[in-house]
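Working notes for the structure below.
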Amino acid sequence: MQDLSNVDASNVDPSLTSYGYIPNRTVAYIFLVLFALSTVLHLGQGVWFRKWWVIPTIVLAGGLETAGWAGRLWSSYRPLASDPYMLQIVCTILGPTPLLAANFIIFGELISIMGPIYSRLAPRLYSRVFLSCDIISLIVQGAGGGIAASADDHDGAELGGNIMLGGIIFQLVVIVVYTTLSAEFFWRYATDHPVSSKLPGNARDSQSTLSTHTMRGELSGRSRLMVGALCFNLLVLFIRAIYRTIELSDGWNGRIITTEVYFNVLDGAMVVLAIYTFNIVHPGLLPTAKTAKPEDKEMNSTPLMQSVV
């Protein structure tokens with residue numbers, strides 16, 4: 001049997017490829033460069049700000065996306081080869097998951113700054129719960145991607161696709177729950193309406209609201225920027241997750257997955273916006289114990305804050 005993996009793209013009918021089209025070479029180069037540049041910048045920023053958690057989250061996400069788009073670029077030259085196709089399936093499916101994990105970690109830091117009394121969960125608990133869910137989603141999507149990419153028949157590909165779909169739907173549910181809890185936190189902070197269970201007994205009296213001021217952190221200009229960046233990052237990742245859910249529900253031969261522009265705009269572009277958001281508004285800009293304003297230090301030094309965090 002003739003080996004078609006090295007057949008040049010100019011001699012291939014696009015409908016015969018696993019994609020249903022031949023990936024646009026220029027677009028693949030653009031996304032490859034964008035993701036590679038952002039990844040290198042994030043690595044440098046993480047080291048500079050000593051935010052080491054950036055490496056297994058944002059940098060990992062950038063590396064996966066870079067590899068995925070390298071696979072698509074490879075496919076633009078050898079559209080019938082299976083290796084680049086498998087590479088881009090697995091990497092572009094998994095890539096945004098560590099990026100979402102960074103969102104959870106940053107939100108936990110914002111809670112510590114603004115005031116845990118406005119949050120139903122302690123900052124560290126947010127990270128533990130949602131990061132655990134993120135890891136589960138990552139494992140399920142990775143397993144599904146591996147099965148789909150290595151399948152020798154349609155049934156195997158469908159099984160892998162359904163497993164990936166389950167992982168993405170689970171991730172979508174996690175995003176919705178996380179968004180609901182974070183929206184409640186920001187509403188409570190804006191209206192100065194703490195969660196009653198987080199207040200000392202004497203502060204639950206409506207006439208003792210002055211005591212909550214020492215538990216409320218000041219939202220500095222940098223923190224405001226970070227809140228905006230966090231919301232935008234979550235929005236574009238949510239759009240991408242919805243697209244992926246619809247795409248996989250439509251099947252491997254469906255109109256959505258075989259239309260390149262949908263993937264470029266609703267996956268590639270969304271993840272580019274998400275990852276560059278944290279390049280521009282980096283979590284290293286958030287105040288820490290050494291850089292926080294006096295109000296923030298007072299908040300974090302209270303016994304209540306130490307017990308909650």
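According to full-length UniProt numbering, the sequence shown holds residues 1 to 309 in order.
Glycine is no exception: its CB is placed at the ideal position from the N, C-alpha and C atoms.
Keep in mind it's a predicted model, so treat the numbers as computed, not measured.
Outcome for residue i when other beta-carbon atoms lying within 10 angstroms are tallied against a minimum of 16
{"i": "residue 228", "result": "exposed"}
{"i": "residue 41", "result": "buried"}
{"i": "residue 144", "result": "buried"}
{"i": "residue 90", "result": "buried"}
{"i": "residue 111", "result": "buried"}
{"i": "residue 223", "result": "buried"}
{"i": "residue 13", "result": "exposed"}
Residue i to residue j span [Cα, whole Å]
{"i": "residue 87", "j": "residue 172", "result": "23 Å"}
{"i": "residue 190", "j": "residue 255", "result": "44 Å"}
{"i": "residue 127", "j": "residue 167", "result": "19 Å"}
{"i": "residue 76", "j": "residue 259", "result": "15 Å"}
{"i": "residue 234", "j": "residue 100", "result": "7 Å"}
{"i": "residue 193", "j": "residue 184", "result": "10 Å"}
{"i": "residue 19", "j": "residue 252", "result": "9 Å"}
{"i": "residue 92", "j": "residue 250", "result": "18 Å"}
{"i": "residue 263", "j": "residue 197", "result": "45 Å"}
{"i": "residue 39", "j": "residue 156", "result": "33 Å"}
{"i": "residue 36", "j": "residue 154", "result": "34 Å"}
{"i": "residue 243", "j": "residue 54", "result": "26 Å"}
{"i": "residue 134", "j": "residue 177", "result": "13 Å"}
{"i": "residue 152", "j": "residue 24", "result": "26 Å"}
{"i": "residue 74", "j": "residue 60", "result": "21 Å"}
{"i": "residue 72", "j": "residue 219", "result": "43 Å"}
{"i": "residue 109", "j": "residue 52", "result": "14 Å"}
{"i": "residue 94", "j": "residue 158", "result": "18 Å"}
{"i": "residue 15", "j": "residue 217", "result": "58 Å"}
{"i": "residue 132", "j": "residue 48", "result": "27 Å"}
Chain-order list of residues whose beta-carbon lies under 7 Å from that of residue i (same chain, five-residue window excluded)
{"i": "residue 17", "result": "79 and 80"}
{"i": "residue 240", "result": "96, 266, 267, 270 and 271"}
{"i": "residue 182", "result": "107"}
{"i": "residue 281", "result": "225, 226 and 229"}
{"i": "residue 163", "result": "140, 143, 144 and 147"}
{"i": "residue 11", "result": "none"}
{"i": "residue 277", "result": "229, 232 and 233"}
{"i": "residue 130", "result": "104, 174 and 178"}
Reference residue i, options the options, closest by Cα
{"i": "residue 175", "options": "137, 149, 82 and 162", "result": "137"}
{"i": "residue 83", "options": "150, 27 and 130", "result": "150"}
{"i": "residue 67", "options": "29, 215, 284 and 123", "result": "29"}
{"i": "residue 85", "options": "185, 21, 118 and 238", "result": "21"}
{"i": "residue 70", "options": "33, 113 and 223", "result": "33"}
{"i": "residue 43", "options": "31, 62 and 25", "result": "62"}
{"i": "residue 221", "options": "287, 278 and 177", "result": "287"}
{"i": "residue 27", "options": "48, 261, 242 and 94", "result": "261"}
{"i": "residue 113", "options": "279, 186, 15 and 31", "result": "186"}
{"i": "residue 279", "options": "64, 15 and 45", "result": "45"}
{"i": "residue 31", "options": "15, 48, 47 and 65", "result": "65"}
Residue i Cβ short of 6 Å to the ligand FMN heavy atom set
{"i": "residue 18", "result": "Looking at this structure, you won't find the ligand FMN or any other ligand, since it has none at all."}
Nonlocal neighbours in the same chain, by C-beta distance under 6 Å from residue i, ignoring five residues either side
{"i": "residue 236", "result": "270, 273 and 274"}
{"i": "residue 247", "result": "256 and 257"}
Close beta carbons around residue i, own chain, < 8 Å, minus the five adjacent residues each side
{"i": "residue 57", "result": "98, 99, 101, 102 and 105"}
{"i": "residue 238", "result": "172, 175 and 179"}
{"i": "residue 245", "result": "165, 168, 169 and 172"}
{"i": "residue 146", "result": "90 and 160"}
{"i": "residue 195", "result": "117, 118, 119, 120 and 188"}
{"i": "residue 50", "result": "284"}
{"i": "residue 293", "result": "Note that residue 293 scores 47 on pLDDT, short of 50, meaning its location in the model is unreliable and no value can be drawn from it."}
Closer than 7 Å to chain B by CB, residue i
{"i": "residue 137", "result": "You won't find chain B in this structure, because it holds only one protein chain."}
Please list the segments of the alpha helix (DSSP H) lying wholly inside the region 45 to 107, counting only runs of 4 or more residues, in order along the chain.
60 to 77 and 82 to 94
Taking only runs of the alpha helix (DSSP H) that begin and end inside the region 117 to 196, which ones reach a length of at least 4 residues, in chain order?
123 to 150 and 154 to 191
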